[in-house]
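Engineer: Just dropping this structure here.
In my numbering, the protein residues as written are 1 to 92.
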(Lines of atoms letter the chains of each structure in order from A and count residues from 1; the text may use other names and numbers.)
(Lines give C-alpha, C1' and ligand atoms only; values in the text may rest on other atoms or scores of the structure.)
Protein backbone atom coordinates (compact mmCIF):
# COMPACT_ATOMS: atom_id res chain seq x y z
CA UNK A 1 0.00 0.00 0.00
CA UNK A 2 2.96 2.32 -0.46
CA UNK A 3 2.35 5.65 -2.08
CA UNK A 4 -1.31 6.11 -1.13
CA UNK A 5 -0.84 9.21 1.03
CA UNK A 6 -3.45 11.82 0.19
CA UNK A 7 -5.38 9.57 -2.19
CA UNK A 8 -9.09 8.91 -1.56
CA UNK A 9 -9.94 5.31 -0.64
CA UNK A 10 -13.36 3.98 0.40
CA UNK A 11 -13.57 0.88 2.62
CA UNK A 12 -16.98 -0.80 2.56
CA UNK A 13 -17.46 -2.84 5.73
CA UNK A 14 -14.92 -0.95 7.83
CA UNK A 15 -16.29 -0.85 11.35
CA UNK A 16 -14.98 -4.13 12.76
CA UNK A 17 -12.71 -7.08 12.09
CA UNK A 18 -10.57 -7.13 8.96
CA UNK A 19 -12.28 -4.07 7.49
CA UNK A 20 -11.50 -2.00 10.58
CA UNK A 21 -7.88 -3.16 10.53
CA UNK A 22 -7.62 -2.16 6.86
CA UNK A 23 -9.21 1.23 7.56
CA UNK A 24 -6.84 1.89 10.47
CA UNK A 25 -3.80 1.00 8.36
CA UNK A 26 -4.96 3.19 5.47
CA UNK A 27 -5.57 6.04 7.92
CA UNK A 28 -2.09 5.56 9.35
CA UNK A 29 -0.71 5.86 5.83
CA UNK A 30 -2.49 9.18 5.32
CA UNK A 31 -5.15 8.32 2.77
CA UNK A 32 -8.29 10.42 2.48
CA UNK A 33 -10.40 7.69 4.01
CA UNK A 34 -14.05 6.87 3.58
CA UNK A 35 -15.74 4.06 5.45
CA UNK A 36 -19.08 2.34 5.72
CA UNK A 37 -20.79 -0.15 7.99
CA UNK A 38 -24.31 -1.25 8.87
CA UNK A 39 -24.48 0.29 12.36
CA UNK A 40 -24.79 4.11 12.16
CA UNK A 41 -23.39 4.61 15.68
CA UNK A 42 -20.37 2.43 14.98
CA UNK A 43 -19.80 4.23 11.67
CA UNK A 44 -19.90 7.61 13.43
CA UNK A 45 -17.47 6.48 16.15
CA UNK A 46 -15.05 4.88 13.70
CA UNK A 47 -15.16 7.83 11.29
CA UNK A 48 -14.49 10.21 14.19
CA UNK A 49 -11.63 8.05 15.50
CA UNK A 50 -9.95 7.91 12.09
CA UNK A 51 -10.85 11.38 10.80
CA UNK A 52 -12.74 9.76 7.94
CA UNK A 53 -15.79 10.30 5.78
CA UNK A 54 -18.41 7.85 7.02
CA UNK A 55 -21.81 6.56 6.03
CA UNK A 56 -24.07 3.77 7.24
CA UNK A 57 -24.68 1.25 4.46
CA UNK A 58 -26.47 -2.08 4.12
CA UNK A 59 -24.84 -3.96 1.23
CA UNK A 60 -27.98 -6.06 0.74
CA UNK A 61 -29.23 -3.09 -1.30
CA UNK A 62 -27.06 -2.77 -4.44
CA UNK A 63 -28.56 0.60 -5.34
CA UNK A 64 -27.45 1.97 -1.96
CA UNK A 65 -23.92 0.65 -2.54
CA UNK A 66 -23.75 2.34 -5.94
CA UNK A 67 -25.12 5.60 -4.54
CA UNK A 68 -22.63 5.56 -1.67
CA UNK A 69 -19.65 4.98 -3.97
CA UNK A 70 -20.86 7.76 -6.30
CA UNK A 71 -21.38 10.13 -3.37
CA UNK A 72 -17.91 9.47 -1.94
CA UNK A 73 -16.37 9.93 -5.39
CA UNK A 74 -18.18 13.24 -5.86
CA UNK A 75 -17.45 14.59 -2.36
CA UNK A 76 -13.93 13.27 -1.79
CA UNK A 77 -12.72 11.61 -5.00
CA UNK A 78 -12.02 7.93 -5.57
CA UNK A 79 -8.68 6.26 -6.15
CA UNK A 80 -9.32 2.92 -4.50
CA UNK A 81 -12.14 0.80 -3.14
CA UNK A 82 -11.96 -2.03 -0.60
CA UNK A 83 -15.15 -4.10 -0.66
CA UNK A 84 -14.98 -5.94 2.64
CA UNK A 85 -18.63 -6.83 3.15
CA UNK A 86 -20.99 -9.42 1.88
CA UNK A 87 -24.20 -11.26 2.47
CA UNK A 88 -25.07 -14.91 2.39
CA UNK A 89 -28.36 -16.13 1.00
CA UNK A 90 -30.69 -17.86 3.42
CA UNK A 91 -32.21 -21.07 2.13
CA UNK A 92 -35.33 -22.12 3.98
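Even glycine gets a Cβ: it sits at the ideal position worked out from N, Cα and C.
#1: Can you have a look at residue 3 and say buried or exposed, based on whether 16 or more other CB atoms are within 10 angstroms of its CB?
#2: Whole angstroms is fine: what's the gap from residue 24's alpha carbon to residue 14's?
#3: Count the CB pairs spanning the region 31-40 and the region 51-62 that are closer than 8 Å, and state whether there are at least three.
#4: Does residue 7 come within less than 7 Å of chain D when only Cβ atoms are used?
#5: Considering Cα atoms alone, identify which of 52, 17 and 28 is closest to residue 34.
Structural biologist: According to the structure shown:
#1: exposed
#2: 9 Å
#3: yes
#4: Of the protein chains in this structure there is only one, and it is not chain D.
#5: 52
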